[in-house]
Structure formats: C-alpha cells, structure tokens
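Quick mapping for you: the protein sequence lines, in order, are chains A and B.
Everything in the first sequence is counted per our numbering, starting at 1 for the first residue and increasing by one.
Everything in the second sequence is counted per our numbering, starting at 1 for the first residue and increasing by one.
Worksheet: the structure to be examined is printed underneath.
Protein chains: 2
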Amino acid sequence: MDFASCFPIWDKLTAEEQESLSKGASLRSVPAGTILHNGSSDCLGLVAVRSGRIRAYIVSDEGREITLYRLFEMDLCLLSASCMMRNIQFDITVEAEKDSNIWVIPPDIYKALMEKSAVIANYTNEIMGSRFSEVMWLLEQILWKSFDKRLAEFLLQESAMEETISLKLTHEKIAAHLGTAREVVTRMLRYFQEEGLVKLSRGTIELTDLKRLRKLSQPI
Amino acid sequence: MDFASCFPIWDKLTAEEQESLSKGASLRSVPAGTILHNGSSDCLGLVAVRSGRIRAYIVSDEGREITLYRLFEMDLCLLSASCMMRNIQFDITVEAEKDSNIWVIPPDIYKALMEKSAVIANYTNEIMGSRFSEVMWLLEQILWKSFDKRLAEFLLQESAMEETISLKLTHEKIAAHLGTAREVVTRMLRYFQEEGLVKLSRGTIELTDLKRLRKLSQPI
Chain A
1 MDFASCFPIW DKLTAEEQES LSKGASLRSV PAGTILHNGS SDCLGLVAVR SGRIRAYIVS
61 DEGREITLYR LFEMDLCLLS ASCMMRNIQF DITVEAEKDS NIWVIPPDIY KALMEKSAVI
121 ANYTNEIMGS RFSEVMWLLE QILWKSFDKR LAEFLLQESA MEETISLKLT HEKIAAHLGT
181 AREVVTRMLR YFQEEGLVKL SRGTIELTDL KRLRKLSQPI
Chain B
1 MDFASCFPIW DKLTAEEQES LSKGASLRSV PAGTILHNGS SDCLGLVAVR SGRIRAYIVS
61 DEGREITLYR LFEMDLCLLS ASCMMRNIQF DITVEAEKDS NIWVIPPDIY KALMEKSAVI
121 ANYTNEIMGS RFSEVMWLLE QILWKSFDKR LAEFLLQESA MEETISLKLT HEKIAAHLGT
181 AREVVTRMLR YFQEEGLVKL SRGTIELTDL KRLRKLSQPI
C-alpha cells in the first residue's frame, strides 16, 4: 500500500501539493501499546495508517476509559493534529492497539496545505464528519442502549475484527472500551455464560452462540 | 445586527462570494417551537441566527430526547445542512426554542462556495469543530458525571440564560434536555428541595441556594 491511497482526493491535488504531502510525511513503525497522542499537550500531526490498528479514546479524571473509534489501514487520524484546528476543545488519547506502520504528516505542513487548498480543506471536513458521526453513534448507544446489548455488540465486533470466536480479552480491557467498571463487565459476562452465549476461561472469552448474541445486540 | 457579522471571515471573501452568500440568504421569522430541521429527511441549509434561540437535539426510538447544544445570536447551524456534507451520518432535530429570526442559506449555494473557497471550507471546519467539541463535552458529562451534578449545572445555566432564579420549566422539559425520564428528574428535584437547594411549585422551580448548587455542579 502506498501513501497516496490514503488520500482519495490525491488526483485532485496539484503536483506541488502532492510533493509537499509525501515529502513531509515520515513512516514510523510503532509497537502495540504506543501512545501516539495524549490530549492537548501533544500535537503529533496527521496520522495515516499503513498497517495495524489505532484506537482513539478518552479518559476520565478517575482513569476510566472509553473507546471513541478505531482506525484501520488507509484511515486518517485527524485529531492527533487537533492543535492545528481551532475550536477542537477536547482531549483524546490515540494509541497503537496493534503493531502498526503509520505515516505522520507534521501539523504545520498539513495546516499550510489546508489553508490554501479548498480540496484538502473539504476533505479534512469529511474526515471530521466521519469521526463526529462515530462519536454520535457512541453517544446514542450510551444513552439509549442497555449494557447487555452494547456488550453483545462489542464481542461480535471483536470476533469479526480478529476473525476468531475465541477472544483473548481481559474484563478490564472490555471495561475500558465500553466506559464502565470491570465489575460490571464481569457480572454481565457471567450472566451471558449462564445463558449459554459465551464460555469463560482464564483470559479467554469464547462466543458459543453467535446467533443469539446477534439477536441480543439488535434494537428491539 | 447584519448578515455579514455572522461570518467572522467575511472580509476574507471575494466580493463575488459575499454577494452569493447575501443574495442566497433569506430572512425568516420563526415562532418558538418551530421544527427547522428533522433528521436526514430534511435539508434546510445553513442557518445563521439573527435573534432568538435554537436548540439541536437527538431523539431515541422511544421518543426520548437529549439536547446537544444551543445556538444564540450570530451562531451558525451547520447540521441543518447535513445533506451537503458527506460522512455526516447522524440525524439531529433543530428547533426554534424561542421566537427567532434566522437567515437560511440554501445547501446548494453554500456547498458551491465551500467547494471553491478554502477560506469558507476552513471556516466550515471550524464550526464543525465547535459542535463536535460540544458533543464531546456532553458525552463526558454523561459518562463520568452523576445526574445530581448534571441537573444542578443545567438549572444554573438556565437561570443564567433567562436571567432569573425562578425557572418556568416542566420536569418533562428538563428530562428532554438531559436525556432521562421525567420520574428521574422529579425524584432528584424533590431531593434538591429537601436539601433546600430549590423550591418547587406549580410549573416553577425557584433556585434558593445558588452557592450550594454551584458547588454541587462542580467536579469533586
């Protein structure tokens, strides 16, 4: 995969703009667990994912986490360059969830391009619209959906993403994704196990009834 | 107040762009309660608030509401033109909360300008960033803040906005702002009354201890 394919608008850019982007970008290899961006103190720049998986989340004062969204191959992470956008007044943390290869475009380079080019500015707008939509989806989940449905949906998503029904996930990690306490996750997983939906063993959650999990995850 | 002052970037626009915006805009007077935009079925256009107050909210399948943000004089409502933005994949409802005077710029006119002008595209980006930040703030409130704090904060905000300590608000309305059930509001207000923070009477909530309400609304 090459750099240009992260930008669906690549062909609409001038040769100069293309050069500025590709020369400015540096390829980095980051091991799983690396914090790429940490709140307003950081301003890494625009991140384009070449391979791996990136997670964006927020953290409460008490250290509780909730996953906002994940980025996969060819996705762009805009909020790791939040310093270059006025009016973005919230702090997110961005970490490599798997070993990843990323291109980083410094904020000043991207900002200069965005200020001159309507194409780049509008594309930036589109990316922000996508992330905004993901956060709205999350907000609606939290507001209107009960925790059993959210947990069922999360397990199914993980299973699809990792292509296995045997998930290596601690209850702690699930709690961090879903913005709740570990005890809440443990209690619900035990309930799922009693219902025959999952089988719990040390460090592993096996999905034993995908059909009923899917049914549970859907709105009534 | 004139139309141009809704656009801090007005002076950076070409005469042609200015003309296109002002000629395209139509001034409308809408009584309180008017639904200006209702989910993805509508595409009113960009709304600039001349006077009054606009509320943006989402509604669950069961009809529960929660206020996302409010717009005041000189604010722009971008999401009432969500059709012109790809990747915005959520439905909000926009209503006039008070009798309002608004300028409406049709989506095709605004879109054409945005596609050509980097200044307008970047400004649009800024507006989206503001709304995104407001929704992130709300998400954090819901996730990490208990309901008594949110209610105290809401009452104080209403009091500041209406410039009175005697609020004419039904428990139903408060529930719709805060995304909860009426019973939850009633129960908490009664608790506030027992604590001497408010005094309840038919259709009115009087804030009787602003100092303690403020203290309660703050994070620990």
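Built from N, CA and C at the ideal position, the CB exists for glycine as well.
A distance of 7 Å or more separates the beta carbons of leucine 143 of chain B and serine 217 of chain B. The beta-carbon separation of arginine 131 of chain B and glutamate 97 of chain B, rounded to 16 Å, does not stay under the 8 Å limit for a contact. Within chain A, the residues whose beta carbon sits less than 7 Å from that of asparagine 122 of chain B are Met114, Glu115 and Ala121, listed in sequence order. For lysine 98 of chain A, the secondary structure class from DSSP, reduced to helix, strand or coil, is coil. Non-local beta-carbon contacts of valine 104 of chain A in its own chain, meaning distances under 7 Å to residues more than five positions away in sequence, involve Ala25, Ser26, Arg28, Leu44, Gly45 and Val47 in chain order. The alpha-carbon separation between leucine 178 of chain A and asparagine 87 of chain B amounts to approximately 24 Å.
The three-state secondary structure of leucine 13 of chain B, taken from DSSP, is coil. A contact between stretches requires three or more CB pairs, one per stretch, nearer than 8 Å, and the stretch 172-187 of chain B fails this requirement with the stretch 121-128 of chain B. A contact is defined here as three or more CB-CB pairs under 8 Å, and the stretch 5-22 of chain B fails this definition with respect to the stretch 62-72 of chain B.
For a cut-off of 8 Å, the C-beta gap from isoleucine 58 of chain A to glutamate 140 of chain B is around 7 Å, short enough to register as a contact. The Cβ atoms of glutamate 65 of chain B and alanine 181 of chain B lie no closer than 7 Å to each other. Around the beta carbon of proline 107 of chain B, 16 or more other beta carbons sit within 10 angstroms, so the residue counts as buried. Around leucine 78 of chain A, the same chain offers Leu46, Thr124, Ile127, Met128 and Arg131 as residues with beta carbons nearer than 7 Å, after the five sequence neighbours per side are excluded. Secondary structure at glutamate 65 of chain B: strand, using DSSP grouped into helix, strand and coil. In the DSSP assignment, isoleucine 205 of chain B falls within the unbroken beta strand (DSSP E) covering 204-207.
The distance from the Cβ of glutamate 95 of chain A to that of threonine 34 of chain A is about 6 Å, consistent with a contact at the 8 Å cut-off. Straight across, the Cα-Cα distance linking glutamine 193 of chain B with threonine 204 of chain B is about 12 Å. Under the DSSP assignment, asparagine 122 of chain B falls in the alpha helix (DSSP H) whose first and last residues are 118-144. Exclusion of the five residues before and after isoleucine 9 of chain A leaves Val119 and Tyr123 as the residues of its chain whose Cβ lies within less than 6 Å of its Cβ. For leucine 167 of chain A, there is no enclosing alpha helix (DSSP H); the enclosing beta strand (DSSP E) covers residues 166-168. At least 7 Å separates the beta-carbon of valine 198 of chain A from that of serine 100 of chain A. Residue-level contact by beta carbon fails for methionine 188 of chain A and chain B, as no gap is shorter than 7 Å.
Under the 7 Å criterion on CB atoms, asparagine 87 of chain A is classed as interfacial with respect to chain B. Residue pairing by DSSP puts leucine 76 of chain B in a beta bridge opposite B:Ala48.
The three-state secondary structure of threonine 93 of chain A, taken from DSSP, is strand. In this structure, the CA atom of arginine 190 of chain B is about 15 Å from the CA atom of leucine 167 of chain B.
Neighbours of methionine 161 of chain B in chain A, taken as residues at a C-beta separation under 9 Å, are lacking, since the least C-beta distance is about 20 Å. Within the stretch 124-137 of chain A, the residues whose Cβ lies closer than 8 Å to any Cβ of chain B are, in chain order, Thr124, Asn125, Glu126, Ile127, Met128, Gly129, Ser130, Arg131, Phe132, Ser133, Val135, Met136 and Trp137. For arginine 86 of chain A, the secondary structure class from DSSP, reduced to helix, strand or coil, is coil.
Residue range 147-162 is occupied by the alpha helix (DSSP H) that includes arginine 150 of chain B, with no beta strand (DSSP E) assigned at that position. The three-state reading of DSSP puts arginine 187 of chain A in helix, counting H, G and I together. For alanine 175 of chain B, the uninterrupted alpha helix (DSSP H) segment begins and ends at 171-178. For the pair aspartate 42 of chain A and phenylalanine 90 of chain A, the Cα-to-Cα distance works out to about 12 Å.
Under a criterion of Cβ atoms nearer than 8 Å, no residue of chain A is adjacent to glutamate 183 of chain B; the nearest Cβ is some 17 Å distant. Exposed is the label assigned to leucine 210 of chain A, since fewer than 16 other Cβ atoms lie within 10 Å of its Cβ. For the C-beta of arginine 64 of chain A, the chain B residues within less than 8 Å are, from N- to C-terminus, Leu143 and Trp144.
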